[in-house]
Structures are given as structure tokens and as C-alpha cells.
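Peer 1:
Number of protein chains: 2
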Amino acid sequence: MNEKFYRLPQEKQLLIINAAYKVFARNSYKKAGTSEIAAEGGISKALLFHYFHNKLALYLFLWDKAQDLTKEAKEQYKVYETNDFFEMLRRGLSAKCMLMRKYPYMSLFTMNAYYENEPEIHEAIGKKVKSGADDAYQTIAEKINRDSLRGDVTFESIYSEVLFASEGMMNQWYRAGNRDIDTFETQYRRMIEHWEQVYNRKDQP
Amino acid sequence: MNEKFYRLPQEKQLLIINAAYKVFARNSYKKAGTSEIAAEGGISKALLFHYFHNKLALYLFLWDKAQDLTKEAKEQYKVYETNDFFEMLRRGLSAKCMLMRKYPYMSLFTMNAYYENEPEIHEAIGKKVKSGADDAYQTIAEKINRDSLRGDVTFESIYSEVLFASEGMMNQWYRAGNRDIDTFETQYRRMIEHWEQVYNRKDQP
DNA sequence: CCTCCGTTAACCACTTCGGTTAATGTCAGC
DNA sequence: GCTGACATTAACCGAAGTGGTTAACGGAGG
Numbered sequence: 000m001n002e003k004f005y006r007l008p009q010e011k012q013l014l015i016i017n018a019a020y021k022v023f024a025r026n027s028y029k030k031a032g033t034s035e036i037a038a039e040g041g042i043s044k045a046l047l048f049h050y051f052h053n054k055l056a057l058y059l060f061l062w063d064k065a066q067d068l069t070k071e072a073k074e075q076y077k078v079y080e081t082n083d084f085f086e087m088l089r090r091g092l093s094a095k096c097m098l099m100r101k102y103p104y105m106s107l108f109t110m111n112a113y114y115e116n117e118p119e120i121h122e123a124i125g126k127k128v129k130s131g132a133d134d135a136y137q138t139i140a141e142k143i144n145r146d147s148l149r150g151d152v153t154f155e156s157i158y159s160e161v162l163f164a165s166e167g168m169m170n171q172w173y174r175a176g177n178r179d180i181d182t183f184e185t186q187y188r189r190m191i192e193h194w195e196q197v198y199n200r201k202d203q204p
Numbered sequence: 000m001n002e003k004f005y006r007l008p009q010e011k012q013l014l015i016i017n018a019a020y021k022v023f024a025r026n027s028y029k030k031a032g033t034s035e036i037a038a039e040g041g042i043s044k045a046l047l048f049h050y051f052h053n054k055l056a057l058y059l060f061l062w063d064k065a066q067d068l069t070k071e072a073k074e075q076y077k078v079y080e081t082n083d084f085f086e087m088l089r090r091g092l093s094a095k096c097m098l099m100r101k102y103p104y105m106s107l108f109t110m111n112a113y114y115e116n117e118p119e120i121h122e123a124i125g126k127k128v129k130s131g132a133d134d135a136y137q138t139i140a141e142k143i144n145r146d147s148l149r150g151d152v153t154f155e156s157i158y159s160e161v162l163f164a165s166e167g168m169m170n171q172w173y174r175a176g177n178r179d180i181d182t183f184e185t186q187y188r189r190m191i192e193h194w195e196q197v198y199n200r201k202d203q204p
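Residue numbers (numbering that gives the first Met the number 0), protein chains in the order written: chain S, 0 to 204; chain A, 0 to 204.
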């Protein structure tokens, strides 16, 4: 990773990063071509290798960037600073959409990167990650006020159901060609409303 | 498509078909290699081209096969021969798992094939499909007895939520390396129980 | 022994792979 | 106008992989 990359105009950096996210998100590491990334990013391949010293370094840079951005976004939108589950979902959605607008393929990249089977990647990523998903569940499960949730199903099952549906929705959006984030956001927001209707505790004093 | 392929022992046919499903499911059409398919299927590339006259023909054969298998499985498990939504889900799950056991990558293939952007494929598939997903919703929505479902959320929103969660679950299972269908089945079955608990009408006479 | 036929190793011309080299284009300072 | 430093790229490298073909092998039946 060459520090000259950071001296580029922001928009050019963004173009290159998004090109890389896109190509790596849609292909396995092995079959994602650096030429394709360079072309998509509007620069020559030589220049791409001038900024990132090889394919692997670029990939890992993207991974770290995604981690940082995600963490920042969660803080910025105060995702964990509420104990209302649905409010947390709404804030999480806002954070996610903000990111998706700026980095359309980042979340798809992240999802795939975690399960990348190329040994170099798998090893490098494995070291960086500390079972982040489980961590998140722990954090949330402790924070949430369950008195406002119906008591006949466990929070765990609600949580996992919500998580699966989110992933399914996002995946479908990507497959359909991930245009139109606004549509995604309203659709997702409607789904949160649905959950709020279904999972809240009705028989409160 | 050479009819000699059908004269092969069933298990060899299966091996080749599943190899092709796997490679096409995990890569875009363009980047899926016929050599890889042949190797994975345990035959030489020449023989593969002896059975299927080119890459495109193989792909479309797989698509048709998937359609037929899915339709058969639904009939075999009488998926649409009930008006209880959750029973329908359970039967659908059984059908799906039966298929997944025999053709592990078929459903992933199907999902991706529908959105394949290679023009040849997109065109050929587009002709074959008649918005099957919408059709399915219509069929189900008419059939289902809504008196046993809670009335404060629409069936449409329940249906789409269930669909998204299913897709999310399956996708995650694939990404994690799709071993162990039993685990998938019990996990899914637990989710159906969750839905049944959440969506049924409580205040019945 | 021969003929058939399933099967494949080897090959085809061509593209793409990750990565490099050598040469350009650009622009500030003199 | 000139120079030197840096940004940028066209062209190239050998290696590998592409879809697809060809010619030959191997073993069973007559």
C-alpha cells in the first residue's frame, strides 16, 4: 500500500476503491481480475500496481477499509446507543444505506470475503476477525430491553430471523443489479415496521 | 445435448451434472471454466464436449433440468395441496432438502442463473421463464386459509418476510460451505416453528 | 485379428492472468 | 524555454487458462 494513493483526490480514490469492491464482490478472489479493476476504476493497471503492491495487498486493504467504515458508521448513527430493538434496527439501516450509497459493493464484498476459500485470504482474514458476528449478538442481546418484546418466543430466534431476512433482502437487491438504494431503504423500513407490529408486546399495562 | 449422456450410469450422470451446477453456481457464466467442470466431474473435457455440444448448451440443459426437478419435487411432496401456510412451508422445506441432498448446488445455480448478465444467457433464460416468482405468490395467496393467520399484518408482508429469511438462510449455508444438510433442515424447521408461533391467530373461538 | 466405441492426452489458436518496463505526459521552479 | 521530478500509461512478459478439436488409445464383442 503506497501512501501516494491517499494524496489522490477523494473522488478518484473512491472510484478505484469502488471498482475493486465491485470486482472482488462479484468474483472469487482468484477469478477477480486486476485488469478489470483498473479498467473499471478508470486507471491503467500499471498505476493500480503503483498504488497497491500486489493483488493480495489490495484485497486486504479493502477488507480493513470496510471494517473501519462499518465501525465508524455504527458510531456515527449511534446504533448501539438505544435499548429499543426496533430503533436499533432503524439506525442500523440508516448507517447501512449511507455506506451503500457511497460504497455500493462494500457489504457484498465483506460478506464474501469472510468466506473466501483462497488459503492466503482465508488465513489473513481469519487473523483479523474475532468472530465479529457473535460479538455483535452478545452486545445487542445485553443491551436490548426485552420487556417491550413478546415473551413467547426467545430474543435469539427473533434476532436470527431478522438477520436472515436482512441478508436475503440485501442479496436479492444485489442480484437484481443494486440500482436504486432508496427503494431498498423504504422496503427495508417497511419490513422493520412489520417486525415492530409482530414482535412487540401487546398486553402492556 | 447428446442422447448418449442419458445412457450413462445414473451416478455418473449425477456426478457430471453436480459438477456443472457447482462451477456455474460459484462463478459467473463467463468465468466458469469447462475444464473445471470436467475435472470436478471426473471426466475429460473432450468427453464433456462429446455429451454437450458447447458451454451454452450445457448451461441451458442445467437450467431446464432444474426447472423440471423443482416442479417434480413440489408435486411429489404435495406442496400446494394444503391450505395451511405453515404446512405448506414444511412440505416445501422437505422438497427443497430432498433436492439439495441429491443436487447440492442446484438451487444456488438457479438463483444466479436468473440474474446472469451474459447476454446469450439472459436472453435464453428470459424466454423460458414467465415471472415464476410472482406466479408462485398468486397460487399460494389464493390457496391459503387466512383465518388461522393474525389479521393485523397483511399476508403479503408475511410472505415476503418468510421468503427473504429463507433466501438469507440458504445463502449463508452456501457461503459457509454447504456441508451438513441435516443441520440446515433442522434450523429451517425451527424457524418455521417460530413463524407458526408468531403469525398464527391467537384469539380463535 | 479386427472393428467398434467410449474415452482421453495432447493440442489448437486465442485470451487473460499478475506484474514489469520503458517510455510518455504533465507541471512546477528556474 | 528548459529541466528535473513525478504521475501515468502502452506495451510487453511468461505463465496459465479459455472453449473446443483431433488423433490415438484401450478394451470388449464378433
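Where is the CB? At the ideal position from N, CA and C, for every residue including glycine. Note that the coordinates shown come from a computational prediction; the quantities given were computed from them, not determined experimentally.
With a threshold of 7 Å between beta-carbons, can glutamate 160 of chain A be considered close to chain S, or not?
Peer 2: Yes, contact with chain S.
Peer 1: List in chain order: all unbroken beta strand (DSSP E) runs of 3+ residues lying wholly within the stretch 91-142 of chain A.
Peer 2: Whole beta strand (DSSP E) segments, 3+ residues: zero.
Peer 1: Distance check for asparagine 17 of chain S and phenylalanine 23 of chain S, CA to CA, integer angstroms please.
Peer 2: Their backbone Cα atoms lie some 10 Å apart in a straight line.
Peer 1: For alanine 112 of chain S, which option in S/Tyr5, S/Tyr20, S/Leu14, S/Leu88 has the closest C-alpha, if you only look at C-alpha atoms?
Peer 2: For alanine 112 of chain S, the nearest C-alpha among the options comes from S/Tyr20.
Peer 1: Exposed or buried, which one is methionine 0 of chain A when buried takes at least 16 other CB atoms within 10 Å?
Peer 2: It is exposed - the Cβ of methionine 0 of chain A has fewer than 16 other Cβ atoms within 10 Å.
Peer 1: Taking the runs of the alpha helix (DSSP H) that are 4 residues or longer, which of them lie wholly in the stretch 7-58 of chain S?
Peer 2: Correct list: 9-25, 33-40, 44-50.
Peer 1: When you check each C-beta in the stretch 15-47 of chain A against every C-beta of chain S, which residues fall closer than 8 Å?
Peer 2: The stretch 15-47 of chain A vs chain S, Cβ under 8 Å: Arg25, Asn26, Ser27, Lys30.
Peer 1: What residues from chain S crowd round valine 152 of chain A, counting only those whose CB sits closer than 8 Å?
Peer 2: Near valine 152 of chain A (Cβ distances below 8 Å), the residues of chain S are His193, Gln196, Val197.
Peer 1: In angstroms with no decimal places, state the Cα-to-Cα distance between threonine 33 of chain A and isoleucine 120 of chain A.
Peer 2: One C-alpha to the other measures close to 16 Å.
Peer 1: Using the beta-carbon of each residue, which ones in chain S are nearer than 9 Å to arginine 174 of chain A?
Peer 2: Ordered by position in chain S, the residues that pass the 9 Å Cβ test against arginine 174 of chain A are Met110, Asn111, Tyr113, Tyr114.
Peer 1: Where does serine 43 of chain S land, buried or exposed, given buried means 16+ other C-beta within 10 angstroms?
Peer 2: Exposed: under 16 other Cβ atoms inside 10 Å.
Peer 1: Spell out whether any CB of chain S is found under 7 Å from the CB atom of methionine 168 of chain A.
Peer 2: Chain S, which has a Cβ nearer than 7 Å to the Cβ of methionine 168 of chain A, makes this yes.
Peer 1: Compute the Euclidean distance between the alpha carbons of phenylalanine 51 of chain A and leucine 59 of chain A, then round it to the nearest angstrom.
Peer 2: Roughly 10 Å separates the two Cα atoms.
Peer 1: Should valine 197 of chain S be labelled buried (16 or more other beta-carbon atoms within 10 Å of its own) or exposed?
Peer 2: Buried, because 16 or more other Cβ atoms sit within 10 Å of the Cβ of valine 197 of chain S.
Peer 1: Can you confirm whether serine 106 of chain A, when its beta carbon is compared against all beta carbons of chain S, has any partner nearer than 7 Å?
Peer 2: Taking Cβ atoms only, chain S never reaches closer than 7 Å to serine 106 of chain A, which makes this a no.
Peer 1: Compare the C-alpha of lysine 126 of chain A against each of A/Thr153, A/Glu10, A/Asp63, A/Ile36 and name the closest.
Peer 2: It is A/Asp63.
Peer 1: Just to confirm, are tyrosine 76 of chain S and alanine 65 of chain S a CB contact at a threshold of 7 Å?
Peer 2: For tyrosine 76 of chain S and alanine 65 of chain S, no; Cβs fall outside 7 Å.
Peer 1: Which residues in chain S sit within 7 Å of phenylalanine 85 of chain A, going by Cβ to Cβ distance?
Peer 2: Per Cβ cutoff of 7 Å: no residues; phenylalanine 85 of chain A is ~14 Å from chain S at best.
Peer 1: Apart from the five residues just before and just after alanine 123 of chain A, which ones in its own chain have a Cβ nearer than 7 Å to its Cβ?
Peer 2: Same-chain partners within the cutoff: Leu59.
Peer 1: Histidine 193 of chain A and serine 156 of chain S look like a contact to me (Cβ under 8 Å); what is the Cβ gap, rounded to whole Å?
Peer 2: 5 Å between Cβ atoms; contact.
Peer 1: For methionine 190 of chain S and asparagine 82 of chain A, what's the separation of their Cα atoms in angstroms?
Peer 2: Their backbone Cα atoms lie some 25 Å apart in a straight line.
Peer 1: Is there a Cβ of chain S sitting closer than 7 Å to that of serine 156 of chain A, yes or no?
Peer 2: Chain S contact via Cβ: present.
Peer 1: Per DSSP, asparagine 199 of chain A is paired with what?
Peer 2: Partner(s): A/Leu148.
Peer 1: Compute the distance between the beta-carbons of alanine 164 of chain S and glutamate 160 of chain A, then report whether it is under 7 Å.
Peer 2: Contact: yes.
Peer 1: Alanine 164 of chain S touches chain A at which residues, Cβ-Cβ below 7 Å?
Peer 2: Chain A residues near alanine 164 of chain S: Glu160, Phe163, Ala164, Gly167.
Peer 1: Taking Cβ positions, are phenylalanine 85 of chain A and glutamate 195 of chain A nearer each other than 7 Å?
Peer 2: In this structure, glutamate 195 of chain A lies closer than 7 Å to phenylalanine 85 of chain A by Cβ.
Peer 1: By DSSP, does glycine 167 of chain A sit in helix, in strand, or in coil?
Peer 2: Helix at glycine 167 of chain A.
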